[in-house]
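Have a look at the structure below before the remarks.
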Amino acid sequence: MKKKPSTIAIDGPAASGKSTIAEKLARELGYLFFDTGVMYRAVTLAALRRLGTVEDETAVSQLAAEVDIDITPPSKEDGRKYDVLLDGEDVTWEIRSREVEASVSQVSAYPGVRKAMTDQQRRIGLRGHCVMVGRDIGTVVLPEADLKIYLVASPEERARRRHQENLQRGLASDYSAILQAMIRRDQIDSTRQVAPLKPAEDAHIIDTDGLSIEEVLGRVRSLLEDCARAETDLNG
Ligand code: DC
Numbered sequence: 048m049k050k051k052p053s054t055i056a057i058d059g060p061a062a063s064g065k066s067t068i069a070e071k072l073a074r075e076l077g078y079l080f081f082d083t084g085v086m087y088r089a090v091t092l093a094a095l096r097r098l099g100t101v102e103d104e105t106a107v108s109q110l111a112a113e114v115d116i117d118i119t120p121p122s123k124e125d126g127r128k129y130d131v132l133l134d135g136e137d138v139t140w141e142i143r144s145r146e147v148e149a150s151v152s153q154v155s156a157y158p159g160v161r162k163a164m165t166d167q168q169r170r171i172g173l174r175g176h177c178v179m180v181g182r183d184i185g186t187v188v189l190p191e192a193d194l195k196i197y198l199v200a201s202p203e204e205r206a207r208r209r210h211q212e213n214l215q216r217g218l219a220s221d222y223s224a225i226l227q228a229m230i231r232r233d234q235i236d237s238t239r240q241v242a243p244l245k246p247a248e249d250a251h252i253i254d255t256d257g258l259s260i261e262e263v264l265g266r267v268r269s270l271l272e273d274c275a276r277a278e279t280d281l282n283g
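Everything in the sequence shown is counted per our numbering, starting at 48 for the first residue and increasing by one.
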C-alpha cells in the first residue's frame, strides 16, 4: 500500500504562499496545519506589550520561555484559519499588526527565542500527520521530515499578494511600503546567524511566480505521490 508522507515541511520567504498551500494540503490530507510564524509573532507582541520594546535580547528570550502560546481551531468565522492564544487571550489579528510586523524579524533572530520555539514546534511535528510551515522547518525543526518543499516568488509578486490580502480585509495598504518592508525582512531572515532562511539540501523548490494556487497545489500533490511511490518501492 502507498504510504503518504506523514511530516511535511513547507518553508520560504514571507508571502510566498506557504500558508495558503499548507492549509489546503492539510485539509485534503486530514493533517494538522501548523504555521510556526505565529509563534514568533506572539512572542513579539508579548515583548512589545510588556517591555515596550524588543531591544533587550535577554528579557525577550526569557519572555519567550515563559509565555504560553497555543494554536487552536478557529472560534470565529472572520477569515481566520486558527485561533492564536497568548496566555489564553485571543491575539489572532493583533499579531498581524504593523508594530509586530516591524519587529518580528529582530525577535526571531534571537537564539534564545528560537530555542524556546523550536523545541515546542519539534514536539508537535514529531507526532506526525502535520504540515508545518516556516523558515527553518526542513533545515532545523524537522530535518527528518518525509517531504520538504521550499516555495519562492519575487519580492514584487509577494508584495502584490500581501497588498491584495490587506485590501480584501478592508485595511489601508501601501504597495511600495510593503515591498520595502518585505525586502528588509528577507534580508534579516536570510542573513541571521541561527537558522537562516534557506532551502534544505533535499527540499523541492517551487517557483510560484505566475502560478495560481491550484497550479502550485498540483505540483505539491505530484511530489506527494512521488514520495508515496518511493516509499512503496522501498518497502515492496
Ligand atoms: O511567516 P510569518 O511572516 O508569519 O513569519 C513571521 C516572522 O517569523 C518572520 O520574520 C520570520 C520568522 N520565522 C522564523 O524565523 N522561523 C519560522 N519557522 C517561522 C517564522
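For every residue, glycine included, the Cβ atom is placed at its ideal position computed from N, Cα and C.
As the structure is a computational prediction, the values presented were derived from the model and not from experiment.
{"Asked": "I need the DSSP call for valine 187, collapsed to helix, strand or coil.", "Found": "helix"}
{"Asked": "Using DSSP bridges, identify the partner residues of isoleucine 260.", "Found": "According to DSSP, isoleucine 260 bridges with nothing at all."}
{"Asked": "Classify glutamate 102 as helix, strand or coil using the three-state DSSP reduction.", "Found": "coil"}
{"Asked": "Taking only runs of the alpha helix (DSSP H) that begin and end inside the stretch 214 to 240, which ones reach a length of at least 4 residues, in chain order?", "Found": "222 to 238"}
{"Asked": "Could you give the distance in angstroms between the alpha-carbon of serine 19 and the alpha-carbon of glutamate 141?", "Found": "Only positions 48 to 283 of the chain appear in this structure, which leaves residue 19 out of reach."}
{"Asked": "Could you check where the beta strand (DSSP E) with threonine 54 kicks off and where it finishes?", "Found": "54 to 58"}
{"Asked": "Please classify glutamate 136: does DSSP put it in a helix, a strand, or coil?", "Found": "strand"}
{"Asked": "Name the DSSP beta bridge partners of cysteine 177, please?", "Found": "Thr54 and Leu79"}
{"Asked": "For arginine 88 and valine 199, I'd like the C-alpha separation in whole angstroms.", "Found": "21 Å"}
{"Asked": "Do you know how far the Cα of threonine 83 is from the Cα of valine 131?", "Found": "11 Å"}
{"Asked": "Which residue's Cα is closest to the Cα of phenylalanine 80: Thr100, Gly181, Ala106 and Ile116?", "Found": "Gly181"}
{"Asked": "In terms of residues, what are the limits of the beta strand (DSSP E) holding leucine 194?", "Found": "194 to 199"}
{"Asked": "Distance check for alanine 275 and threonine 139, CA to CA, integer angstroms please.", "Found": "35 Å"}
{"Asked": "In whole angstroms, what is the alpha-carbon distance linking methionine 155 and aspartate 221?", "Found": "For the sequence presented, residue 155 should be read as serine rather than methionine. Taking the straight line joining both Cα atoms gives about 25 Å."}
{"Asked": "Kindly indicate which three-state DSSP category threonine 255 falls into: helix, strand or coil?", "Found": "coil"}
{"Asked": "Under the three-state reduction of DSSP, which class applies to aspartate 280: helix, strand or coil?", "Found": "helix"}
{"Asked": "Could you check whether the stretch 261 to 272 touches the stretch 170 to 188, counting it as contact only if at least three pairs of C-beta atoms, one from each stretch, sit closer than 8 Å?", "Found": "no"}
{"Asked": "Does DSSP classify valine 114 as helix, strand or coil?", "Found": "coil"}
{"Asked": "How would you write the range of the alpha helix (DSSP H) that leucine 244 sits in, first residue to last?", "Found": "Leucine 244 -> no alpha helix (DSSP H), and no H or E assigned at all."}
{"Asked": "Who are the near neighbours of arginine 127 in its chain, counting only those whose CB is closer than 6 Å to its CB and skipping five residues on each side?", "Found": "Pro121 and Thr139"}
{"Asked": "Relative to the alpha-carbon of alanine 247, which residue among Gln211, Thr255 and Pro190 has its alpha-carbon at the smallest distance?", "Found": "Pro190"}
{"Asked": "Could you work out which residue in Arg74, Gly77, Tyr78 and Asp115 is closest to alanine 93 when comparing CA atoms only?", "Found": "Asp115"}
{"Asked": "With a threshold of 6 Å, establish whether the CB of threonine 83 neighbours any heavy atom of the ligand DC.", "Found": "yes"}
{"Asked": "When every heavy atom of the ligand DC is checked, does at least one fall within less than 6 Å of the C-beta of arginine 182?", "Found": "yes"}
{"Asked": "For threonine 119, write down the residues that DSSP places opposite it in a beta bridge.", "Found": "Asp130"}
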